[in-house]
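**Student:**
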Amino acid sequence: MSIDIIKFDKSIPKHIAVIMDGNGRWAKKQGLVARLKGHEAGAETIRAVLRACDKTGVRYLTLYAFSTENWKRSKSEVAGLMELLRRFLIKNTDELIEKGIRLRAIGQIDRLPDQTRKELERSIEKSKNETKLDLILALSYGGRTEIVNCIRRISSIVKSGELNPEDISEETVKQNLYAPDVPDPELLIRTSGEMRISNFLLWQISYSEIYVTEILWPDFRENDFYEAIADYQKRLRRFGGV
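For the sequence shown, the working numbering begins at 1292 and goes up steadily by one.
#1: So within the segment 1500-1524, which uninterrupted beta strand (DSSP E) runs reach at least 3 residues, ignoring any that extend past its ends?
#2: Which runs of the beta strand (DSSP E) at least 3 residues long sit entirely within the segment 1396-1475? Give them in chain order.
#3: Restricting to Cα atoms, I'd like to know which of Ile1397, Asn1467, Leu1424 is closest to Leu1411.
#4: Within the chosen definition, does the segment 1326-1336 reach the segment 1360-1378 through at least 3 CB pairs nearer than 8 Å?
#5: Of the residues Lys1319, Lys1366, Tyr1502, Gln1406, which one's Cα is nearest the Cα of Ile1381?
#6: For my contact list, Leu1424 and Ile1392 are in at a C-beta cut-off of 8 Å; report their separation, rounded to the angstrom.
#7: What runs of the alpha helix (DSSP H), each 4 residues or longer, lie entirely inside the segment 1353-1402?
#8: Would you check if the distance between the CB atom of Ile1307 and the CB atom of Pro1476 is smaller than 8 Å?
#9: I'd like the span of the alpha helix (DSSP H) that includes Arg1316, first residue to last.
#10: How about Cys1441 and Leu1468: do their beta carbons lie closer than 8 Å?
#11: Do you know whose CA, among Lys1450, Ile1445, Val1340, Met1311, lies nearest Glu1462's CA?
#12: If I measure Cβ to Cβ from Lys1465 and keep anything under 6 Å in the same chain, skipping five residues before and after, which residues do I get?
#13: For Arg1481, name the three-state secondary structure that DSSP assigns.
#14: Run through DSSP, which three-state label would Val1340 get?
#15: Measure the C-alpha to C-alpha separation of Leu1403 and Arg1487 and round it to an integer number of angstroms.
#16: Thinking Tyr1517 and Ala1343 are a contact (beta carbons under 8 Å), I'd like their distance in whole angstroms, please.
#17: According to DSSP, is Ala1334 helix, strand or coil?
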């Protein structure tokens, strides 16, 4: 299966969000003791998906990299994930810039370890002028937390007298989310076969098409990405209409 299954005369999702699931199971399946080996393999999949985005013209890619719930994992695994992210940024930022990719992040970034956070901020700053693709990493991210923070910001605006409660609209909410300029995802991909959204982009995916594959994230490749887009193109999006 190749890119030929995509119909370029039909709509290509402008924004695709991905729940990258199955790294730990992949490591176990390979007989590896350390779950982190699965995450290392999964980092290579990101490169494959970025190539696919380049070939198909996807404008925004949001990856669920680390959830607020993931802080509950063992200290050693969390530390390993944070170091893996730091090394990924060091290794790949220049290449991202060469390919016109702007790196962004959403979530409670202040909770990241100092070295990881500083490397992330450096990468974001270095790539800020790129315009071909926005790669958005959801880090220390939770959909409910995002909505709670949004409510707090709107409440503060109302309290200041700048906004009347009756004037609060969906646009008001959107403008107070983590990335208000980013359009809602048309397509949400989840790997590993799990049928849940795991507290990811709860407001933004209200009308997203959902594509679930049994493939574990480290095994997910360009052709699998094309298959998800081809499946999306077969769907009729009514947005509640007839």
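Backbone N, C-alpha and C define an ideal beta-carbon position, used for all residues, glycine too.
**Tutor:** Taking the definition as stated:
#1: 1500-1503
#2: 1424-1432
#3: Within the sequence shown, numbered from 1, the residue matching residue 1411 stands at position 120. Closest option to Leu1411, Cα to Cα, is Ile1397.
#4: yes
#5: Here residue 1381 refers to the residue found at position 90 of the sequence shown. The candidate whose alpha carbon is nearest that of Ile1381 is Gln1406.
#6: As a first step, residue 1424 must be located in the sequence shown, where it is residue number 133. As a first step, residue 1392 must be located in the sequence shown, where it is residue number 101. Their Cβ separation, rounded to whole angstroms, is 5 Å, which keeps Leu1424 and Ile1392 in contact under 8 Å.
#7: 1366-1389
#8: For the purposes of this step, residue 1307 is taken as residue 16 along the sequence shown, with counting starting at 1. For the purposes of this step, residue 1476 is taken as residue 185 along the sequence shown, with counting starting at 1. In contact: Ile1307 and Pro1476 (Cβ atoms closer than 8 Å).
#9: Taking the first residue of the sequence shown as position 1, residue 1316 is located at position 25. That run of the alpha helix (DSSP H) goes 1314-1320.
#10: Taking the sequence shown and counting its residues from 1, one reaches residue 1441 at position 150. Taking the sequence shown and counting its residues from 1, one reaches residue 1468 at position 177. Yes, Cβ-Cβ distance for Cys1441 and Leu1468 is below 8 Å.
#11: For the purposes of this step, residue 1462 is taken as residue 171 along the sequence shown, with counting starting at 1. Answer by Cα proximity: Ile1445.
#12: Stepping through the sequence shown from its first residue, residue 1465 is reached at position 174. Within the same chain, Lys1465 has close Cβ partners Pro1471.
#13: Residue 1481 sits at position 190 when you count from the first residue of the sequence shown. The answer is strand: DSSP assigns Arg1481 an E or B state.
#14: Taking the sequence shown and counting its residues from 1, one reaches residue 1340 at position 49. Looking at Val1340 - three-state DSSP - the assignment turns out to be helix.
#15: In the sequence shown, counting from the first residue as 1, residue 1403 sits at position 112. In the sequence shown, counting from the first residue as 1, residue 1487 sits at position 196. Those two C-alpha atoms are separated by around 26 Å.
#16: Your numbering for residue 1517 matches position 226 in the sequence shown. Your numbering for residue 1343 matches position 52 in the sequence shown. Yes, they are in contact, since the Cβ atoms of Tyr1517 and Ala1343 sit about 6 Å apart, within 8 Å.
#17: If you number the sequence shown from 1, residue 1334 lands on position 43. Three-state result, Ala1334: helix.
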